[in-house]
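Working notes, beginning with the structure itself.
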Amino acid sequence: MIVAGFGSAEALRRAVASLAPEGARVETFTPDDLDEATEPTKSSAVPIIMLGAGLLGGFGFFALQAYGTMSGYPINVGGRPDFSWPPFIVNAFEFGVLCAIGAGFLGFFAINRMPKLFIAEDACDELREASRDGWFLSVRGGDPKRVRALLDSVGPIALKEWPE
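With the working numbering applied, the sequence shown corresponds to residues 152 to 315, in that order.
Printed below as a string of structure tokens:
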């Protein structure tokens with residue numbers, strides 16, 4: 152992991168822009184919020200996980216109810232057909248929503264690698280300045296020599312390499 156400090160938000164923006172084609176994971180640490188242009192945007196997989204879990208849970212619960220009334224424990228009540236599906240829809244929908252919510256909650260934690268008891272950035276003393284008057288970024292991944300050269304070209308105030 153490489154940590155670099157900059158004197159202004161503009162220098163930090165230039166550094167993030169220069170690292171974007173490198174494909175490394177960049178995190179910024181600043182005293183105030185930067186606009187969205189500095190953070191590389193990528194779509195989240197959580198909505199896809201939630202959709203899949205909701206559909207799988209809903210169809211699975213519908214199939215479970217259909218199996219129970221048709222094969223597992225058939226009861227003829229009032230001459231209704233063996234596969235009387237309309238009452239199953241409400242329960243299947245509710246179970247599908249429950250599965251989607253649970254998968255979204257767990258998927259969020261899994262994708263963001265939480266909870267994490269130790270973050271390597273916490274060991275860097277320079278990053279404590281970010282809450283007061285510093286503009287820092289940490290870079291993980293990519294070729295360390297190339298990342299260091301790109302950061303040197305932008306002109307950081309501080310540049311340190313930390314083990315991950």
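Glycine residues also receive a C-beta, built at the ideal position from the N, C-alpha and C atoms. Bear in mind the structure is a predicted one, so any value in this text is a computation, not a measurement.
Does the distance from the C-beta atom of residue i to that of residue j stay below 8 Å?
i: residue 255; j: residue 200; result: yes
i: residue 250; j: residue 207; result: yes
i: residue 101; j: residue 244; result: Lying before the first or after the last residue shown, residue 101 is absent from the chain, which here runs from 152 to 315.
i: residue 301; j: residue 180; result: no
i: residue 262; j: residue 197; result: yes
i: residue 182; j: residue 279; result: no
Let me confirm a value: residue i is counted as buried when at least 16 other C-beta atoms fall within 10 Å, else exposed. Which label applies?
i: residue 286; result: buried
i: residue 258; result: buried
i: residue 260; result: exposed
i: residue 290; result: buried
Could you tell me how far apart the beta carbons of residue i and residue j are, in whole angstroms, since I believe they sit closer than 8 Å?
i: residue 209; j: residue 157; result: Actually they are not in contact, since the Cβ atoms of residue 209 and residue 157 sit about 50 Å apart, beyond 8 Å.
i: residue 155; j: residue 166; result: 6 Å
Starting from the C-beta of residue i, find all residues in its chain whose C-beta is less than 8 Å away, skip the five residues before and the five after it, and write them out in chain order.
i: residue 299; result: 153, 310, 312
i: residue 205; result: 247, 248, 250, 251, 254
i: residue 274; result: 313
i: residue 267; result: none
Leaving out five residues on either side along the sequence, give the residues of the same chain with a beta carbon under 6 Å from the beta carbon of residue i.
i: residue 315; result: 152, 271
So, for residue i: in the same chain, excluding its five sequence neighbours on each side, which residues have a beta-carbon less than 7 Å away from its beta-carbon?
i: residue 242; result: 212, 216
i: residue 234; result: 217, 221
i: residue 297; result: 173
Can we count residue i as close to the ligand ATP, meaning its CB is less than 7 Å from some heavy atom?
i: residue 279; result: Here there are no bound small molecules, and the ligand ATP is not part of this structure.
Segment contact, 8 Å Cβ cut-off, at least three pairs: the stretch 159-174 with the stretch 217-233: Cβ pair count under 8 Å is below three, so no.
Inter-stretch contact at 8 Å, needing at least 3 Cβ pairs: the stretch 296-313 / the stretch 158-167: Counting Cβ pairs under 8 Å, three or more are found: they touch.
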